[in-house]
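Peer 1:
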Amino acid sequence: MLGLDNIEKVKPGGLELKDRLVAVNRVTKVTKGGRAFGFSAIVVVGDEAGTVGFGLGKSKEVASAIAKAVEDAKKNLVKVPVINHTIPHQTSARYGGADIFLRPASHGTGLIAGGAVRAVLESAGVHDILSKSKGSSNPHNVVKATFKALLDIRRPEDIAKLRGVSLDKVFNG
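Take the sequence shown: its position 143, counted from the start at 1, is 143 in UniProt numbering, and no numbers get skipped.
1) Excluding five sequence neighbours on each side, which residues of the same chain lie with their C-beta closer than 7 Å to the C-beta of residue 158?
2) Identify, in the order they occur along the chain, each residue of the same chain with its Cβ nearer than 6 Å to the Cβ of residue 36, setting aside the five sequence neighbours on each side.
3) Put residue 88 into one of helix, strand or coil per three-state DSSP.
4) By the 10 Å Cβ neighbour count, where 16 or more other Cβ atoms means buried, how is residue 3 classified, buried or exposed?
5) Tell me which residues share the same chain as residue 106 and place their Cβ nearer than 7 Å to its Cβ, disregarding the 5 neighbours each side in the sequence.
6) For residue 36, would you say it is in contact with chain B, using Cβ-to-Cβ distances shorter than 9 Å as the test?
7) Among residues of its own chain, excluding the 5 on either side of residue 149, which ones have a beta-carbon nearer than 7 Å to its beta-carbon?
8) Please return the same chain residues whose Cβ sits closer than 8 Å to the Cβ of residue 49, not counting the five positions on each side in sequence.
9) Run through the stretch 91–127 for me and flag every whole beta strand (DSSP E) of 3 or more residues, listed as ranges in chain order.
10) For residue 133, which of 122, 116, 123 has the nearest alpha-carbon?
11) Go ahead and pull the three-state DSSP assignment for residue 59.
12) DSSP on residue 1, reduced to helix/strand/coil?
13) Given a threshold of 16 other Cβ atoms within 10 Å of its Cβ, counted over all protein chains shown, does residue 172 qualify as buried or as exposed?
14) How long is the line joining the alpha carbons of residue 1 and residue 39, rounded to whole angstroms?
15) Taking Cβ positions, are residue 96 and residue 23 nearer each other than 9 Å?
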């Protein structure tokens with residue numbers, strides 16, 4: 001999806017996915033017969049248990065643009081590490097002009113995120129996190145930057161196996 005190698009793709013079959021509309025954009029094409037309006041929608045779907053995906057749909061009507069976006073999102077589902085309703089470690093990513101920073105938070109903190117970042121994190125099942133979106137607020141780039149940041153996260157078990165040490169040693173040095 002975004003050119004990362006540690007992505008764990010997920011098939012949508014059997015998952016109870018909820019979709020969240022991030023943005024609908026009205027686009028205009030000027031022709032000699034006047035203006036032709038169309039709609040572009042970006043949607044995030046997820047099972048609120050670590051599986052999340054986003055999709056883009058374009059159509060002449062809003063409803064069909066959203067439906068196309070949901071279908072596209074279901075084709076691009078990925079697994080992200082969510083441990084105790086937060087992420088294992090802090091991360092940041094940049095996509096286009098959007099710069100996203102994510103930091104794990106203790107239980108009860110809540111989802112400190114706005115707009116497109118909130119939609120992605122809610123769909124992924126993250127309940128406690130601190131985030132900051134810098135640069136562009138373009139929803140397309142913010143969603144892609146958030147996905148890039150989430151997909152950069154590594155599980156503690158993977159790091160322990162890679163280093164050849166116990167899980168205790170990863171956390172306590």
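Glycine included, each C-beta is placed from N, C-alpha and C at the ideal position.
Peer 2: So, to answer that:
1) Cβ neighbours of residue 158 beyond the five flanking positions: none.
2) Hits under 6 Å: 29.
3) Reduced to three states, the DSSP call for residue 88 is coil.
4) Residue confidence is low: residue 3 scores 48 on pLDDT, short of 50, so the model does not pin down where it sits. No coordinate-derived value is stated.
5) Apart from the 5 residues on each side of it in sequence, residue 106 sits with its Cβ closer than 7 Å to the Cβ of 128 in its chain, given in chain order.
6) The chain inventory of the structure shown lacks chain B, comprising one protein chain alone.
7) Around residue 149: 91, 92, 93, 100, 102.
8) The residues are 82, 125.
9) List check, beta strand (DSSP E) in window: 91–95, 98–104.
10) Cα-wise, what sits closest to residue 133 is 116.
11) Three-state DSSP puts residue 59 in a strand.
12) Note that residue 1 has pLDDT 47, beneath the 50 cutoff, so the model's placement of it is unreliable and no number is given.
13) Of the other Cβ atoms in all chains shown, fewer than 16 fall within 10 Å of the Cβ of residue 172; this residue is therefore exposed.
14) Unreliable positioning characterises residue 1 in this predicted model, as indicated by a pLDDT of 47, which lies under 50. A coordinate reading is not provided.
15) With contacts defined by Cβ atoms closer than 9 Å, residue 96 and residue 23 do not form a contacting pair.
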